[in-house]
Every structure is written in structure tokens, then in C-alpha cells.
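Colleague: Its first residue numbered 52, the sequence shown is counted upward by one per residue in this note's numbering.
Backbone N, C-alpha and C fix where the C-beta goes; we use that ideal spot for every residue, glycine too.
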Amino acid sequence: MSRRKALQILGLGSGVVAVAGATGLTWRAVDGGVFSTGTGSAYDAWNRADPGGHPLNLVDAAILAANAHNTQPWLFTVSADRIELFADMSRTTGAMDPLLREMHISLGCAVENLALAAAPNGMAAKVSLLPTPSDTTHIATVSLTPAAALSSPLFDAISERHTSRGAYSTSRTVTGRQLDTLSALADIPGTQLVWFTTAAQKKAFSDLTVRATRAIIADPRQADDDYRWYRSDWHDIQRHKDGITIDPSGQSAVVRTLSKLLPTTRKQNNDGWLSGTRDTQLPTASAFGALVVQDPHDPLQRLRAGRIWQRIHLTATTEGLGMQPLCQIPERVDRETSAGLSPEVTNAIAAMLPAGSHAVMTFRIGYPTATALRSPRRPAADVVRA
Ligand SMILES: Cc1cc2nc3c(=O)[nH]c(=O)nc-3n(C[C@H](O)[C@H](O)[C@H](O)COP(=O)(O)O)c2cc1C
52 MSRRKALQIL GLGSGVVAVA GATGLTWRAV DGGVFSTGTG SAYDAWNRAD PGGHPLNLVD
112 AAILAANAHN TQPWLFTVSA DRIELFADMS RTTGAMDPLL REMHISLGCA VENLALAAAP
172 NGMAAKVSLL PTPSDTTHIA TVSLTPAAAL SSPLFDAISE RHTSRGAYST SRTVTGRQLD
232 TLSALADIPG TQLVWFTTAA QKKAFSDLTV RATRAIIADP RQADDDYRWY RSDWHDIQRH
292 KDGITIDPSG QSAVVRTLSK LLPTTRKQNN DGWLSGTRDT QLPTASAFGA LVVQDPHDPL
352 QRLRAGRIWQ RIHLTATTEG LGMQPLCQIP ERVDRETSAG LSPEVTNAIA AMLPAGSHAV
412 MTFRIGYPTA TALRSPRRPA ADVVRA
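(1) What would DSSP say about I295, mapped onto helix, strand or coil?
(2) Assuming L230 contacts A117 under a Cβ cut-off of 8 Å, what Cβ separation, rounded to an integer in Å, is found between them?
(3) DSSP puts K177 in a beta bridge; with which residues?
(4) Give the C-beta separation of I400 and A237 to the nearest angstrom, bearing in mind that I take them to be a contact with Cβ-Cβ under 8 Å.
(5) What do you reckon, is the C-beta of S426 under 7 Å from a heavy atom of ligand 1?
(6) Do you know whose CA, among V178, C160, S157 and A269, lies nearest N321's CA?
(7) Could you check whether the segment 382 to 395 touches the segment 179 to 193, counting it as contact only if at least three pairs of C-beta atoms, one from each stretch, sit closer than 8 Å?
(8) Could you give the residue range of the alpha helix (DSSP H) that holds L244?
(9) Starting from the Cα of A341, find the closest Cα among F256, R142 and T331 and give me that residue.
(10) According to DSSP, W125 sits in a beta bridge with which residue or residues?
(11) For L367, which residues from the same chain have a beta carbon less than 6 Å from its beta carbon, with the 5 sequence-adjacent residues on both sides left out?
(12) Of the choices Q319, A169, P299 and L158, whose alpha-carbon is the least far from that of I190?
(13) Considering only their Cβ atoms, is the gap separating T122 from D293 smaller than 8 Å?
(14) Using the beta-carbon count (16 or more within 10 Å), is M154 buried or exposed?
(15) Suppose you measure from the CA of D284 to the CA of T308; what does that come to, to the nearest Å?
(16) If you follow the alpha helix (DSSP H) that P376 is part of, which residue opens it and which one closes it?
(17) CB V343 to CB A410, shorter than 8 Å?
(18) Per DSSP, which one or two residues make a beta bridge with A341?
(19) Hey, is the segment 141 to 151 in contact with the segment 167 to 176, meaning 3+ C-beta pairs nearer than 8 Å?
(20) Residues in the same chain with beta-carbon distance under 8 Å from A274, minus the five sequence neighbours each way, listed in chain order, please.
(21) Closest to G371 by C-alpha separation, out of R436, T388, A208 and P271, would be which residue?
(22) Indicate, with yes or no, if ligand 1 has a heavy atom lying under 7 Å from the CB of R216.
(23) By how many angstroms is the C-alpha of A431 removed from the C-alpha of D95?
(24) If you follow the alpha helix (DSSP H) that N321 is part of, which residue opens it and which one closes it?
(25) Going by Cα to Cα distance, which pick from W97, Q332 and I363 is closest to E211?
(26) What is the residue span of the alpha helix (DSSP H) that D433 lies within?
(27) Is Q375 near ligand 1, going by C-beta to nearest heavy atom under 7 Å?
(28) Can you give me the C-alpha to C-alpha distance between Q332 and L365, rounded to a whole angstrom?
(29) Given the structure, does N320 come close to ligand 1, in the sense that its CB is under 7 Å from one of the ligand's heavy atoms?
(30) Could you give the first and the last residue of the continuous alpha helix (DSSP H) run that contains Q302?
(31) Which residue comes first and which comes last in the alpha helix (DSSP H) that contains H120?
(32) P102 and P204: beta carbons closer than 8 Å?
(33) Could you spell out where the alpha helix (DSSP H) holding Y278 opens and where it closes?
(34) Please report how far the alpha carbon of D132 lies from the alpha carbon of R415, in whole angstroms.
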């Protein structure tokens, strides 16, 4: 459908209101949030106040972290000199993350934002990961002491960082220096960034990502658990303040509007995911990467990888670069492992990585051609326990 034709159907060109009113689309438009992109209480958490010097200000930063399926699997307790972070085990994604790899990475991302927010709020933070061996949901203790307030470009980037799912520029490419800068951030022994930059490497990564996407869609349990976190109704988004929504999908304004007006079926959703991945996200990537560790089943290595991922994405944001995790490969690897399936994707990705390393995050990078939009967030008040 041409853009013009779509606009005519939607009534967004001339003669709009008449068409929309006559077909009842106006009501759907309001209900679907066509006129409300990025507004409402589901998005208030992004409008952060200046650092206020209170530990709660650190939580305000933590909840803006990247997190798989936007489940926000975190709970905090806060006192004057420490913040405790717990995993919320009611917010897992089932067969999409059967070994909890993505949950741990997401929590690691939140830890990194907590740590980065300390200095601008006049505090020094000491992070202890998995401090209670008998309680695997106790993810971190962050001890706080008063310190001189220091500004930080990465802290400033926390509200600007969004997952960028649209097309990237095919004329402006990421430089080797930029990739080296990001590689240096994987500074924990055993953790490494592996880049796929040549045409052959990019084709191998793309082919495997498409294969993994198809396998997820064809796997009823995995597809069910994936779909559960999609939210299309504006009121649902405002109520839950979580999940995957259409606005940050990287689709054009026309397609986003259509999706809000005429809710998609699960099949259409899957078809859109596959075609968006295959036809836009993969072909326009400047490079692909994998964050690898030695033991992908070790929660500590995953939490550290999450801290690194958040730092990488924030650093890329300060350079005007877009990043998108494309985690179909590790999601399929975990599914093959946990369900005892033939290790097809597992073997294929292993052949692309240094011996003995395992990908816990796979992603693309490039210069975005459009602004990435915000995802909903639950505010600190909803995730801090008494
Ligand atoms: C471990 C992990 C895996 C993710 N996998 C994907 C993915 O496969 N595809 C994707 O588009 N986004 C992926 N994301 C990005 C999240 O969906 C995103 O962080 C979340 O929806 C919140 O949006 P924001 O990053 O724009 O704040 C992943 C993020 C994390 C931390």
C-alpha cells in the first residue's frame, strides 16, 4: 500500500475527520492511542528531575534500563545508605527465557544504571552482586556513602537511550574506532565483544537470525510466551506500563497508526516480526555483535554482562549510534538446551564464535534513520518495597 493510499484510508490526509468518523475509526484511534504516542503515566518515568541526592533518585535511573521484553523484572528496597535489588520471579518470559539468562542480563542493566546514578547524586556506590548465596533472587546490594557530586555523560544518556528498531543508514557506517571503544567496555575477564563486520560474517549472522526467528514462531510454547508480553491497547499500556508496544517497533508512522486502528492478529504480529527482522533490521545494520562469556549459565557472568551491555548502549547513545539487541539466536539456543531439542542453532552460532565462548547477547548497530520512541515504564513507586 502506498503511503498516500494508507493516509487516505486512515483519514490523515485531507477530509480526514469525515472518513474516520463515518467508519468508527475515531473511537479506535482514541482507544488505540493513535493521538497519544509516548504520553500518559506509562511514560512519565522518562521525564526525570535533576539529581536530588536521594537513593530513590538512583532507582529512578535503574528502572530506565534496557530489559528483555520490557518485563522490568525488578524490585528494590531503599534506605538512606543502601539499595537492595531483587528479581521479581513473577515477571519471567517462560520458554522465551527458560534458563533466565535474559532476566539476569536485564537485572545487570539495572545495576549499572544504579551505579552510574550514584556520583551525579553525590554518592559513592559499592556494588556486591548475589550477596546472599541462599537467596538467588537477591541480585545486588548497593552500599552508598556521601561523596562529591560529579556529572557524568553516561548518566545524562540514561533518559536518551532507547532500543532503536528502525532502519539504519546504509551510507553512514560505524567506524573501526567506534567498535574498538565499545569493545574496551567489556573489561571483565572472560567477557568479550565479538564483531561481525565483513559481508560474509554479516550474511552468516543474518541467515542464522532469520532461521532462529522462524524456529521461535514455529514453536507454539515459545511463540505463546513471546506474544504474552505484546500490548496493543492504549489503556492496557497505561495500566501495566510494561511489555512490547507498537510505538518503539521501528515501523513507519503509517504502519504504527494502522496497527493501533486495526489490532493485529497473532499471525500478523509474527509475520511482521519476521519481515521486519529479515527485510529492514538485518539488511541495514552497519555491523552485528555478540557479547560472549565463558559460562552462559552462571548468573554472576550474566549480571556482569548486563552491566556491560547497559554501559555499551549508553556509550553508543552519546555517539548518536542506534543499537538493538537481536536475541533470537541465544533465545533459541536456550530453548534447544532446556527442551532437549536438536542443537541446530546452538552448533551454528558456536561455529561463528571463538572456541569456549558463548553468546549471551546478540545485537546490531548503526546510525538510525529515525528517532527511536520510548517504551513504557513502571515508576519507582510501583517497584520499591516497603
Ligand atoms: C537481554 C535482552 C534481550 C533483548 N532482546 C531483544 C530482541 O531480541 N529484540 C529487540 O527488539 N529488543 C530486545 N531487547 C530490548 C528490550 O526489548 C528493550 O530494552 C525493552 O523493550 C525496553 O525498551 P528500551 O530499551 O527502549 O528502554 C532486549 C533487551 C535485553 C536486556
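Modeller: Judging by the given coordinates:
(1) Position 244 of the sequence shown holds residue 295. Of the three classes helix, strand and coil, the one that applies to I295 here is strand, per DSSP.
(2) Here residue 230 refers to the residue found at position 179 when the sequence shown is read from its first residue. Here residue 117 refers to the residue found at position 66 when the sequence shown is read from its first residue. About 19 Å separates the two Cβ atoms, so there is no contact after all.
(3) Working through the sequence shown from its first residue, we reach residue 177 at position 126. Per DSSP, S194.
(4) Reading the sequence shown from its first residue, position 349 is the one you call residue 400. Reading the sequence shown from its first residue, position 186 is the one you call residue 237. Not confirmed; about 18 Å, so no contact.
(5) Position 375 of the sequence shown holds residue 426. S426: yes, Cβ under 7 Å from ligand 1.
(6) Within the sequence shown, numbered from 1, the residue matching residue 321 stands at position 270. With distances taken between Cα atoms, N321 lies closest to A269.
(7) The segment 382 to 395 vs the segment 179 to 193: no contact.
(8) For the purposes of this step, residue 244 is identified with residue 193 of the sequence shown, where counting begins at 1. Looking at the DSSP string, L244 is not in any alpha helix (DSSP H); the run it does join, the beta strand (DSSP E), is Q243 to F247.
(9) As a position in the sequence shown, residue 341 is number 290, starting the count at 1. Ranking F256, R142 and T331 by Cα distance to A341 puts F256 first.
(10) Locating residue 125 in the sequence shown gives position 74, where the first residue counts as 1. For W125, which the question treats as bridged, DSSP gives the partners A138.
(11) Counting from 1 along the sequence shown, the entry for residue 367 is found at position 316. According to the sequence displayed, residue 367 carries Ala and not Leu. Correct list, in chain order: M374.
(12) Taking the first residue of the sequence shown as 1, we reach residue 190 at position 139. Cα-wise, what sits closest to I190 is L158.
(13) Here residue 293 refers to the residue found at position 242 when the sequence shown is read from its first residue. Here residue 122 refers to the residue found at position 71 when the sequence shown is read from its first residue. Contact: yes.
(14) Counting from 1 along the sequence shown, the entry for residue 154 is found at position 103. Buried is the call here.
(15) For the purposes of this step, residue 284 is taken as residue 233 along the sequence shown, with counting starting at 1. For the purposes of this step, residue 308 is taken as residue 257 along the sequence shown, with counting starting at 1. The alpha-carbon separation between D284 and T308 amounts to approximately 12 Å.
(16) The count along the sequence shown starts at 1 and reaches residue 376 at position 325. P376 -> not in any alpha helix (DSSP H); beta strand (DSSP E) instead, spanning G373 to P376.
(17) Working through the sequence shown from its first residue, we reach residue 343 at position 292. Working through the sequence shown from its first residue, we reach residue 410 at position 359. In this structure, A410 lies closer than 8 Å to V343 by Cβ.
(18) Counted from its first residue, the sequence shown places residue 341 at position 290. In the DSSP assignment, A341 forms a beta bridge with V245 and T413.
(19) The segment 141 to 151, when compared against the segment 167 to 176, does not touch it at the 8 Å Cβ threshold.
(20) By one-based count along the sequence shown, residue 274 stands at place 223. If the five residues before and after A274 are omitted, its C-beta is found closer than 8 Å to the C-beta atoms of I267, I268, R317 and N321, all from its own chain and listed in chain order.
(21) For this step, residue 371 is matched to residue 320 along the sequence shown. Measuring from the Cα of G371, the nearest candidate turns out to be A208.
(22) As a first step, residue 216 must be located in the sequence shown, where it is residue number 165. Flag set: Cβ of R216 near ligand 1.
(23) As a working mapping, residue 95 is identified with position 44 in the sequence shown. As a working mapping, residue 431 is identified with position 380 in the sequence shown. Using only the alpha carbons, I get a separation of about 11 Å.
(24) For this step, residue 321 is matched to residue 270 along the sequence shown. Note, N321: alpha helix (DSSP H), R317 to G327.
(25) As a position in the sequence shown, residue 211 is number 160, starting the count at 1. When each option's Cα is compared against that of E211, the closest is W97.
(26) By one-based count along the sequence shown, residue 433 stands at place 382. Looking at the DSSP string, the run of the alpha helix (DSSP H) that includes D433 is A431 to V434.
(27) The residue given as residue 375 occupies position 324 in the sequence shown. Remark: the shortest separation between the CB of Q375 and any heavy atom of ligand 1 falls under 7 Å.
(28) Position 281 of the sequence shown holds residue 332. Position 314 of the sequence shown holds residue 365. The straight-line gap from Cα to Cα measures roughly 20 Å.
(29) For the purposes of this step, residue 320 is identified with residue 269 of the sequence shown, where counting begins at 1. Result no, Cβ not under 7 Å from ligand 1.
(30) Position 251 of the sequence shown holds residue 302. No alpha helix (DSSP H) contains Q302, which DSSP labels as neither H nor E.
(31) Residue mapping note: residue 120 aligns to position 69 of the sequence shown, counting from 1. No alpha helix (DSSP H) contains H120, which DSSP labels as neither H nor E.
(32) In the sequence shown, the residue the question calls residue 102 occupies position 51. In the sequence shown, the residue the question calls residue 204 occupies position 153. Contact: no.
(33) Against the sequence shown, residue 278 aligns to sequence position 227. Its alpha helix (DSSP H) spans residues P271 to Y278.
(34) In the sequence shown, the residue the question calls residue 132 occupies position 81. In the sequence shown, the residue the question calls residue 415 occupies position 364. Rounded to the nearest angstrom, the two C-alpha atoms are 38 Å apart.
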